[in-house]
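In what follows, a structure is listed as structure tokens, so that the remarks can point back to it.
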């Protein structure tokens, strides 16, 4: 995997998960485009956002107004870097709590990144597909959040997820489709 791309993605995750909007201008090109493909009713985003300022508002400021305890992991062994192109895709997994209700959310999907050419190499387009976002029942928040806190951040192997996952049947059921993707 291209180390520059990996670093930019890591910085994006740091900005998004930790409410650091100032980082986004170092990661996304000024005229970058965000596209969202949301396949669940448990979370909503605009279908398309243009420009680093609006992307920052959507993915950092608005997101952090609604959620905290955010852990986003990119699944390292799902990375597909397209040869001779400035494209990279990977699976992701997120865990977070909703500020208004305290409910725990667990979701996953795909990131599709496009980077500018030789000029800056910044992210010019990000398409986020949200395959699923579950609202988990009360009583398991601490165990799941503590599990996420022990995982390598923000890049983890699917094998690390599988071997360290708490013994919670609902967690296995929720994440089974993530693990069934052929790239994992």
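In my numbering, the protein residues as written are -8 to 175. Where a beta carbon is used, it is the ideal one built from N, C-alpha and C, also for glycine.
Which partner residues does residue i have in the DSSP bridge list?
i           : result
residue 24  : 41 and 116
residue 127 : 95
residue 62  : 86
residue 81  : 102
Using a Cβ-Cβ cutoff of less than 7 Å, which residues in the same chain neighbour residue i once the five nearest sequence positions on both sides are dropped?
i           : result
residue 132 : 88 and 95
So residue i and residue j are in contact, right, with Cβ under 8 Å, and what is the actual spacing, rounded?
i          : j           : result
residue 76 : residue 97  : Not a contact, Cβ separation roughly 32 Å.
residue 78 : residue 104 : 7 Å
CB-CB under 6 Å to residue i, same chain, minus the five flanking residues each way: which ones, in chain order?
i          : result
residue 65 : 81, 83, 145 and 146
residue 61 : 8 and 87
residue 3  : 18
Rounded to whole angstroms, what's the CA-CA distance from residue i to residue j? Just pull it up for me.
i           : j           : result
residue 161 : residue 135 : 11 Å
residue 107 : residue 24  : 12 Å
residue 100 : residue 13  : 26 Å
residue 92  : residue 33  : 14 Å
residue 149 : residue 67  : 8 Å
residue 143 : residue 70  : 16 Å
residue 27  : residue 163 : 26 Å
Under 8 Å Cβ to Cβ from residue i, same chain only, skipping five residues before and after it: list those, please.
i           : result
residue 153 : 170
residue 44  : none
residue 166 : 84, 97, 99, 152 and 156
Check whether the Cβ of residue i lies closer than 7 Å to any heavy atom of the ligand ZN, and answer yes or no.
i          : result
residue 92 : The ligand ZN is absent from the structure shown, which contains no ligands of any kind.
Indicate whether the contact test is met: 3 or more Cβ pairs, each with one atom in the segment 35 to 53 and one in the segment 136 to 144, closer than 8 Å. no
The segment 11 to 20 contacting the segment 100 to 118, beta-carbon criterion three pairs below 8 Å: yes
Are the segment -5 to 8 and the segment 32 to 41 touching, with three or more C-beta to C-beta distances below 8 Å? no
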